[in-house]
Amino acid sequence: MNTNDEVMKRDKIKLPPCGIFIGSGVYPMSKDYLDGTLYGHQTWRPQSLSPMEIIELIKRDNQGNLAQVWGTNKWQAPATIAEWQYALDEIGVNVQLPDWKSGKNIKAQDCSELKEHADRNGAGLLRFIREAAKKDIYTLFIYTSADDEWARKFQDYGKHYLGYDFGERYTFRLDDAITKGRKFEDVNLKLMADDLVARVREHVDERHAAGWGLVMATSGNFYIDYEIAGGADVPLIEDFAFNHLNISSALARGLSRQFDLTCWGSHMAHEHYSWIPNGSEYKFPLFRAGMYQKYMAGAKIIINESGNWFVEASLCEDSPKFEFPRVPLAPGESHGDKHTDFGPYVEEARKHFDKIDYNAPIPKLYRKEISDFYDFVKANGTPEGQPESTLAIVKGNYDLCCQRFNPNSAIGGAFALADKNPAWFEGAPERGWEIVKKVFYPTPPVLEPYQNPFLSGSPFGMVDIVSLVQDKVEASFLNANYKALLFSGWNTSSAKQYETLKTYVANGGVLFISIPQLSTNITRNYGDYGAGELVNGGDFSELCGVKVKGRGERIYWAVAPENSSELGFKFPRRFGILITCLGDIEITDPAAETLVVDDERAKPLLLRRKYGKGTVYFLNSWAYPGALDQDYGPGSTSRSPGLIGMIYRHIAKLSRGNVWITDDRDEPGVECEYIAYSYFPEAGKIYLYNIDFKKAHGAYLHHFGKVDRFDLRPGEFRVIDGVKKIRE
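Heads up, the sequence shown is in our numbering, so the first residue is 784 and it goes up one at a time.
Structure below.
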């Protein structure tokens, strides 16, 4: 466990008998309404389902055990809001359906019944919990509101009410910190991060106090760790929007351990963000694979955002929504209390509703996949606890980048600042995360001709991402969970953090870190900084065995010293062309080993030294590790992970747990890039998954002293009984 007293106060969820919550988003919907007129996203609503109808369909269609109920909004029909949000029918008030010919009963703001019974705001939500519970269906709300009188009653239904999700409500929203009137020179990473945490904290505290129970966060942001630091109880990352499924799992799982959360889960936006055509042979196998990858990664909540009740998305080339006639309204004109004169176009739109409604082909395919997966879970259960993870990638303090490297993306959405100072665009610090993906969660081309940013093997198992968010981590937690910590991207260091790392290593941990990751900088100055910005003024003698005096010489190639092949390569194999600078250092530990040097003066680039019971790998680079991801030199190969990748692989091999896989009984290779595996000690279960839908793949399974060859059919998911370890 970790961080501070607030961690201990978080509520816990009681899991269902099958060990996992599976469900989908259910939407209060008004048939015939035009929800959007954006050029590529014209959106008609094809049907209206009552709360009772959707509950019956969840049960009848075997769509899991959970309903994620979305909130109503002001551009829905008054009748929809009256039923879903206010339950006015319970008190005998009947709100009329829209009349397009007369123009009546269309706008919520014109409905007298809603105004007269405003005190029932939330009665419909309470009714949904009650009626769903009768069918043994759990309820989770997202983007909902209710008067406190009703919200306080939600938890009366005990285990069947899971809580509230604020969704994507909190982000930096481009220039959030700048638009508050601050000068550019006053904007920094700490200000932006603290502002986000404070806004989240205010909302979470309000909902906790009002009786909403657990507060969850759903977003596709890589900085969801700051939402958890703000008090959110459960991370439900919006997968597929967050492209890389195993990276998002690694982050959520790491946060779950670090903050002692009740669980973590997945909000799967496959319909919107898988992007491949509905007609592709991979469209629904990809959805299926996503559910299995989350299951074997330790998720205890899996929610399909949309697609199984109606077609909502248009982010694929063959969406049936493109067959609707275009409505001649400007973007935004049909929203809310704005212009809603789309009545003349309803009759023509209705001719196409059967292509996107409940009975259309696409929703049927989604429902089948969810039903099949739910059947699997009911038959096989869900492994208790979390998978073994002996190594973690460090997500540094104030690392506010996107989940996928994009040099056009500004850190924290601060585009106006980045336009003046390009260091605020993603760069060398953020490229380090691409090395992490390449080594630990590679994404082979299993969806060709389409790109695959989603599915990955796990050649080194379920590697976690541990966050140094606001320095909320303790060495005791790190030592209890991870044999090794690898820094990769941005980090703003501090005296407290430095002491934490010292204690971690002294107690037996292995650490990889570079010079800029020991900088205290909060202004994105990762090029023209000086030793004075480093922790301890650059004196890392105790931890790293060196004193950094300043920027050193620029180098071009990196090589191993002669007679050294420990990292998996030997002289004269070169890595580069780097064109980066070393640090100007004084080595204070004569016992420190030099593992990598530059190829001209043999100056040290990577040092290894013992500290206490542990080991430090110190990268003597003035630039972030991502800048060294250049491998086009003599001896380079097309599948090389690069210099930093080779260092990562070396440390990962030394940090293995009880279960691992290899191509040749020694190292994971090409075959292992297609195989995801995990081991759950508390359940004694090993999971193997071939993410290739076309070809078989096999490898060697090493587990508790045994070595067994296994071969997996295309797309095969296999469960193996392993050794069950008693929790200490």
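From the three backbone atoms N, C-alpha and C, an ideal C-beta is built for every residue, glycine too. Bear in mind the structure is a predicted one, so any value in this text is a computation, not a measurement.
- Partner residues in the beta bridge of His1050, as assigned by DSSP, are Glu1021 and Ile1086.
- In this structure, Lys1477 is the residue among Val1502, Asp1412, Lys1477 and Ser1302 with its C-alpha nearest to the C-alpha of Arg1496.
- Phe804 is not a Cβ neighbour of Ile1007, given a cutoff of 7 Å.
- Inclusion of Tyr1394 and Val1222 in the CB contact set at 7 Å is not warranted, their separation being larger than that value.
- For Gln846, there is no enclosing alpha helix (DSSP H), as DSSP marks it with neither H nor E.
- Here Val1318 is actually not in contact with Ala1258; their C-beta atoms are around 16 Å apart, not less than 8 Å.
- Beta-bridge pairing by DSSP links Val1379 to Leu1389.
- Under the three-state reduction of DSSP, Asp1372 is assigned to coil, being neither helix nor strand.
- Counting the other CB atoms within 10 Å of its CB gives Leu821 a total below 16, which places it among the exposed residues.
- Trp827 carries a strand assignment under DSSP once its states are collapsed to helix, strand and coil.
- Between the region 1302-1322 and the region 1189-1209 there are three or more C-beta pairs closer than 8 Å, enough to call the two in contact.
- By the criterion of a C-beta distance shorter than 7 Å, Arg990 is surrounded in its chain by Tyr947 and Val998, once the five residues flanking it on both sides are discounted.
- Gly1428 and Ala1482 have their alpha carbons spaced roughly 21 Å apart.
- In chain order, Tyr940 and His943 place their CB closer than 7 Å to the CB of Ala916, counting only its own chain and leaving out the 5 sequence neighbours on each side.
- Judged by DSSP secondary structure, Asn1264 falls within the alpha helix (DSSP H) whose first and last residues are Ala1258 to Asn1264.
- Secondary structure of Ser1348 (DSSP, three-state): coil.
- Of the residues assessed, Ile1362 falls on the exposed side of the cut-off, its CB having fewer than 16 other CB atoms within 10 angstroms.
- The beta carbon of Phe1487 lies closer than 8 Å to those of Asn1441, Val1442, Gly1505 and Val1506 in the same chain, with the five residues before and after it left out.
- With fewer than 16 other Cβ atoms inside 10 Å of its own Cβ, Asp1311 counts as exposed.
- Contact annotation: Trp827 and Leu840 have beta-carbon atoms that are not nearer than 7 Å.
- For the 7 Å CB-CB criterion, Ala1175 and Leu1112 do not form a contact.
- If you ignore the 5 residues before and after Ser1102, its C-beta comes within less than 8 Å of the C-beta of Asn1061, Val1094 and Ala1096, all in its own chain and listed in chain order.
- Within the region 1291-1329, the runs of beta strand (DSSP E) that reach at least 3 residues and sit entirely inside it are, in chain order, 1293-1297.
- Only buried fits Phe1156, as 16 or more other CB atoms lie within 10 angstroms of its CB.
- Beta-bridge pairing by DSSP links Leu1269 to Ile1176 and Phe1295.
- The three-state reading of DSSP puts Trp1443 in strand, counting E and B together.
- For Asp818, the enclosing beta strand (DSSP E) has its first and last residue at Leu817 to Gly819.
- The beta carbon of Ile838 lies closer than 8 Å to those of Ala850, Phe911, Glu914, Ala915, Lys918 and Ile920 in the same chain, with the five residues before and after it left out.
- Of all C-beta pairs linking the region 1169-1183 to the region 1445-1457, fewer than three are shorter than 8 Å, placing the two stretches out of contact.
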